[in-house]
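Everything on this sheet refers to the single structure shown next.
In our numbering, the protein residues as written are 399 to 804.
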């Protein structure tokens, strides 16, 4: 009896903290979905303007993960930029016969076709999706090509789950610059990235249902997209704050997963489990991010999380020396008497042309400022990538570096 009273008091205190009415303290398993939705609405309003991120944007539901598909295909319509090697042509003919594609001798002889790999990651609930296409032969370009009908299957399986076809797009990293290009003479070609990689927008179509299992042993599990122990703990706390009075209990299993146990024989009616998952996804959770630098080696794009700091050290690359010092840097500024030097901090990183071969930075400088300064010095993206890689290996940067291959 005492335990029951204590439980009721705790629920009431929790309820009053979030401004809910007494009639929404507890929802029995047989309560209607409308009552459940009524209880959730004040919670959504309470956090509508918060800085926290919704759980649905931080996680994926285990049992509904993205499915990776792959396959081989043939691209036609290439204007002399397709495969020409004997090995590639033999593979082309073999695959064309298997897929029922008729290739003329002129197509092969004039290098108008290419053998490609096809890959995709799809959501189990999506019927149409984009596919990535890459040449596996010696084709020079896939521009203006058309992907003929091909089958896709899960990696390691021969079972066909989808088909793909359509016109190829090379994307922003490859283009032809005409007269309006400005920096290049009219009609000149500019290549950025790799013209042998392309994609087909909505070119894939699911033809077989992907099996999903959202609940097992009265538990649903959320996988955290960017694993972090603190984030896992915050997600668990957020779920328990709102759903523990209903018998739902969340626990962080590790840095990448949160397990949510629901009462036995609850949420069994049509739509109730889906509604519960949706409402959990609407809850806010504070995130804790690991310092990360992501480098796309194909495009030269560099992205980093906020607050990546520099440690003391020195590095030389492409005729430029970068030194990070723990000492305050002496700088002469206008307004200081001739011949006098003032010792001040460096909140801004400014380097003149005369100083472009030597860059001195104070310890603790944000790496983003370093990147901006190197860009201002017109250092090539490949050189900037080399600088960051070398700094990371030397222990001057405490962050994980993720390389996206060419």
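For each residue, glycine too, the CB sits at the ideal point set by N, CA and C. All values derive from a computational prediction rather than experimental measurement.
### Query
Is residue 706 near the ligand PLP, in the sense that its beta carbon is under 6 Å from a heavy atom of that ligand?
Annotation note on the ligand PLP: not contained in the displayed structure, which lists no ligands.
### Message
If you follow the beta strand (DSSP E) that residue 790 is in, where does it begin and where does it stop?
### Response
No beta strand (DSSP E) holds residue 790; the alpha helix (DSSP H) holding it covers 779-791.
### Query
Do you know whose CA, among 531, 801, 513, lies nearest residue 691's CA?
The option with the nearest alpha carbon to residue 691 is 801.
### Message
For residue 669 and residue 676, I'd like the C-alpha separation in whole angstroms.
### Response
Within the model, the alpha-carbon separation for residue 669 versus residue 676 is close to 10 Å.
### Query
Taking Cβ to Cβ, would you say residue 603 is nearer than 7 Å to residue 658?
When the beta-carbon positions are compared, residue 603 and residue 658 stay at least 7 Å from each other.
### Task
Consult DSSP for residue 808 and reduce its assignment to one of helix, strand or coil.
Lying before the first or after the last residue shown, residue 808 is absent from the chain, which here runs from 399 to 804.
### Task
Measure the alpha-carbon distance for residue 718 versus residue 695 and round it to whole angstroms.
The alpha-carbon atoms of residue 718 and residue 695 are separated by roughly 21 Å.
### Message
Just to confirm, is the Cβ distance from residue 474 to residue 511 under 7 Å?
### Response
Cβ atoms of residue 474 and residue 511: closer than 7 Å.
### Message
With H, G and I counted as helix, E and B as strand and the rest as coil, what does DSSP make of residue 599?
### Response
In the structure shown, residue 599 adopts extended strand secondary structure according to DSSP, grouped into three states.
#### Entry: Between the CA atoms of residue 660 and residue 645 - distance to the nearest angstrom
One C-alpha to the other measures close to 7 Å.
### Query
When you compare only the Cα positions, how much space is there between residue 704 and residue 714?
One alpha carbon belongs to residue 704, the other to residue 714, and they sit about 25 Å apart.
### Query
Shortest alpha-carbon distance to residue 609 belongs to which of 620, 655, 524?
Out of 620, 655, 524, 524 has the C-alpha closest to the C-alpha of residue 609.
### Message
When you compare the region 461-468 with the region 624-636, are there three or more beta-carbon pairs, one atom per stretch, that lie closer than 8 Å?
### Response
No, because fewer than three Cβ pairs between the region 461-468 and the region 624-636 fall closer than 8 Å, the two stretches do not touch.
### Task
Return yes when the Cβ of residue 481 is within less than 7 Å of the Cβ of residue 459, no when it is not.
Contact annotation: residue 459 and residue 481 have beta-carbon atoms that are not nearer than 7 Å.
#### Entry: Member of 601, 559, 784 whose CA lies at the smallest distance from the CA of residue 567
Scanning 601, 559, 784 for the CA closest to the CA of residue 567 turns up 601.
### Message
Pop quiz: residue 530 and residue 467 are said to be a contact at Cβ under 8 Å. What is the actual Cβ separation, rounded to whole angstroms?
### Response
Contact flag wrong, Cβ pair sits at about 11 Å.
### Task
Can you have a look at residue 769 and say buried or exposed, based on whether 16 or more other CB atoms are within 10 angstroms of its CB?
Result: buried.
### Message
At the level of alpha carbons, what is the spacing between residue 509 and residue 477?
### Response
Taking the straight line from one Cα to the other gives about 7 Å.
#### Entry: Inter-residue CB distance, residue 761 and residue 723 (contact presumed, cutoff 8 Å)
Contact flag correct, Cβ pair sits at about 6 Å.
### Query
Based on Cα-Cα distance, which residue from 527, 554, 563 lies nearest to residue 544?
Cα-wise, what sits closest to residue 544 is 563.
#### Entry: Counted within 10 angstroms of its Cβ, other Cβ atoms place residue 701 as buried (16 or more) or exposed
That one is exposed.
### Message
Between which residues of its own chain and residue 647 is the CB-CB distance below 6 Å, once the five residues before and five after are set aside?
### Response
Listed in chain order, the non-local C-beta contacts of residue 647 below 6 Å within the same chain comprise 659, local neighbours out to five positions each way being set aside.
### Task
Just mark residue 356 as buried or exposed, buried being the case when its beta carbon has 16 or more other beta carbons within 10 Å.
The chain is shown only over 399 to 804; residue 356 falls outside these bounds and no answer can be derived.
### Query
Rounded to the nearest angstrom, how far is the Cβ of residue 516 from that of residue 469, given a contact under 8 Å?
The beta-carbon distance between residue 516 and residue 469, rounded to whole angstroms, is 5 Å. This is short enough to meet the 8 Å contact definition.
### Message
Looking only at its chain, what residues have a beta carbon closer than 6 Å to the beta carbon of residue 636, apart from the 5 residues adjacent to it on each side?
### Response
Only 681, 683 meet the Cβ criterion.
### Range covered by the beta strand (DSSP E) that runs through residue 562
That run of the beta strand (DSSP E) goes 560-565.
### Task
Run the CB neighbour count on residue 777, radius 10 Å, all protein chains shown included, and call it buried at 16 or more, exposed below.
With 16 or more Cβ atoms within 10 Å of its Cβ, residue 777 is classed as buried.
### Task
Could you tell me if residue 672 is buried or exposed, where buried requires 16 or more neighbouring beta carbons within 10 angstroms of its beta carbon?
With fewer than 16 other Cβ atoms within 10 Å, it is exposed.
### Message
For residue 767 and residue 706, I'd like the C-alpha separation in whole angstroms.
### Response
When rounded, the distance between both Cα atoms is 10 Å.
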